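Numbering (this note's numbering), first residue to last: 256 to 972.
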């Protein structure tokens, strides 16, 4: 199949970027092409930076300027180049897309939830990208009322995110926040009157979160600062012509705000927290114009959360001696006196308390035990505890809760690598469990056709690192199987094993799919997180490498058939490990990768930077700077052979700027000594999560999977 050079399809391309034919021919192992065109070349515009006596020269710092037409032209050239190179795989991409879409039940419905006299649910329709939110009043046999149709809101827009829906207490007003940029920030709040179907004039831009009061007219919402840090809480009264009231401003740049309402409906809860310290303030909902009161003053390296009960407060508490948290029962009066605190769940160094949810008679406690999730139900008057446990070696389970404070039932979700998501209802009084729904995979899905394993690799310091693995039963471990291994390992987020129907487009073609549950996440408790951040961050990378070496040594695969994938901070992981051990891998997918760590962490005007000093360190401090400099992927690129690399980004990304993958790719091409492909794909109409429609995103997955199979040399069939 003939390829056309990018310079021929872009009239401005030859004037700005070099896109001429390569004199060195690289064979596509599948498409059997003779050669590829050369990629776009970003001009070098050196800028010199000096920190702590060290001089850095950044040739591609200019790519940061989104308003520069030359930057946009370069990104378009990269997209065109990627599409040109991947053109021979286009029929296979379409096959993958149809295959993955066929596993989606397009006409589906969630399990209804009863709230204040109405059953609420969402459903999807065949061919439509977004969910339709609905309700039925009084009975499930009542007529359906569409409360909000995401497809109507998204019409005419390339991207659409609906970030939250909340009903007023009387169920007449629906408040929602959304945007059409695809960014995970800067949402607009609107209110729909369900009695008339009209959108009210009370529209508020640039918010990050909100909650209703209980009087059907008061909304509390959060605003960002210039670095997209939620830092101010306002009160808005529907229909009011007066200026919204500023209730609180968080002045510490390390802290961000969150707002919610207690399940008991007694309080509006304002939380303020960094990654190591937190504080809670309460406002009685009966006093919407009252003043928030601090529950417990913030203390450095102490984090706490509060569940409200009419008789008690339940305090989840973490400090340096209790990393996995403990729970106290506090009286409603004189609760600040620690002599009145009753410890009801002690700290356990092997079991992390993940979350709590209080009901009238029960406290639901989610814990992580040896990396696996459990739910424990504590009866409040007797203190007796029941556990919901799960039999499989690797799985993911989580409480879905129910909004009714008096409920004696809870709902939870359960899934594993080969088990589609199921929704269960658990009776806290009897212990009986009822399956309410299992996600249907059209065409049939046989979970028993696959084998799920939990494997353990040994890190260089002797620590055992878990992996969740799935492959077809009967797969021979002869070193000839392709592998896709993913990882994250940051912020304490655990890489739980859940069902992803898209992955089976690889598994059914003979792939082994693995999740490396490396340090930096909380997979094995809070210490697991502590051992993979700040000046222990290198553990995340060496853990991932150890997992790869294990799979090769145990003949699950070989280096020439090894693909890895990670996004955001997981993209940092990708960049770091290919600098350290590029020979281990054949293909790398780096999605919205955080790879320009020094520059980003020095720029406090960027979103998230200041708050994340407690994750990565503050590079204005020499010790932190020196450590970050050891692993920052962009700063550690060097003249060596690299795997085939596909980097992605979003022009509207508020978390990881599009310039990070763009700079990384541009610099990588000037240094690498191999003839492997390096591609850059930027979504020009969306943000951190890429395409927002439930079908559109499959096209991006199909592109990535086609790249993996093509570069490994696996049949495109």
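Quick reminder that beta carbons are idealized off the backbone N, C-alpha and C, glycines included. Computed from a predicted structure; not experimentally measured.
In this model, residue 692 and residue 366 are separated by some 7 Å (Cα to Cα). Across the set 464, 971, 357, the C-alpha of 971 shows the shortest separation from the C-alpha of residue 764. Counted as a single uninterrupted DSSP element, the alpha helix (DSSP H) harbouring residue 958 occupies residues 951-967.
DSSP places residue 879 in the uninterrupted alpha helix (DSSP H) bounded by 877-886.
Here the alpha carbon of residue 661 sits roughly 9 Å from the alpha carbon of residue 617. For residue 503, the uninterrupted beta strand (DSSP E) run begins and ends at 500-504, by DSSP. Looking at 593, 622, 591, 587, the one whose alpha-carbon comes closest to that of residue 602 is 622. Shown here, residue 829 sits in a helix according to DSSP, grouped into three states.
Under the DSSP assignment, residue 489 falls in the beta strand (DSSP E) whose first and last residues are 485-492.
Per DSSP, the beta-bridge partners of residue 390 are 375, 400.
In summary, residue 295 is buried, with 16 or more beta-carbon neighbours lying within 10 Å of its beta-carbon over all protein chains present. Just so you know, the alpha carbons of residue 954 and residue 408 end up roughly 22 Å apart. Between the C-alpha atoms of residue 727 and residue 767 there is a straight-line separation of about 8 Å. Taking C-beta atoms as the reference points, residue 655 and residue 666 count as a pair closer than 8 Å.
For the pair residue 842 and residue 969, the Cα-to-Cα distance works out to about 12 Å. Going by DSSP, residue 914 is part of no beta strand (DSSP E) but of the alpha helix (DSSP H) stretching over 914-926.
According to the DSSP assignment, residue 325 belongs to the alpha helix (DSSP H) that extends over 324-340. Excluding the 5 residues flanking it on each side, residue 401 has same chain C-beta neighbours closer than 8 Å at 387, 388, 389, in chain order. Burial check for residue 796: the Cβ neighbour count within 10 Å reaches 16 or more, so the residue is buried. Proximity of the segment 745-757 to the segment 779-788 meets the contact definition, three or more beta-carbon pairs being nearer than 8 Å.
With a cutoff of 8 Å on beta-carbon distance, residue 823 and residue 943 are scored as near each other.
For the options 921, 312, 383, 932, the alpha carbon positioned closest to that of residue 947 is the one of 383.
In this structure residue 566 does not touch residue 532 by the C-beta definition: roughly 29 Å separates them, more than the 8 Å allowed. Residue 511 is not a Cβ neighbour of residue 522, given a cutoff of 8 Å. Between residue 489 and residue 504 a beta carbon distance of about 10 Å is seen, past the 8 Å cut, so the two are scored as non-contacting. Straight through space, the alpha carbons of residue 952 and residue 344 are spaced by roughly 18 Å. A direct Cα-to-Cα measurement between residue 573 and residue 608 gives close to 10 Å. By alpha-carbon distance to residue 835, the top candidate from 798, 724, 871 is 798. For residue 431, the enclosing beta strand (DSSP E) has its first and last residue at 428-434.
Annotation: residue 701 to residue 958 spans about 26 Å, alpha carbon to alpha carbon.
The C-beta separation of residue 466 from residue 516 comes to about 5 Å, placing the pair in contact by the 8 Å criterion.
In terms of Cβ geometry, residue 899 and residue 932 form a close pair [threshold 8 Å]. DSSP places residue 866 in the helix class (H, G or I) of the three-state scheme. Here the alpha carbons of residue 886 and residue 820 stand approximately 18 Å from one another.
When only Cα atoms are considered, residue 902 and residue 591 end up about 51 Å apart.
For the pair residue 302 and residue 313, the CB atoms are nearer than the 8 Å cut-off.
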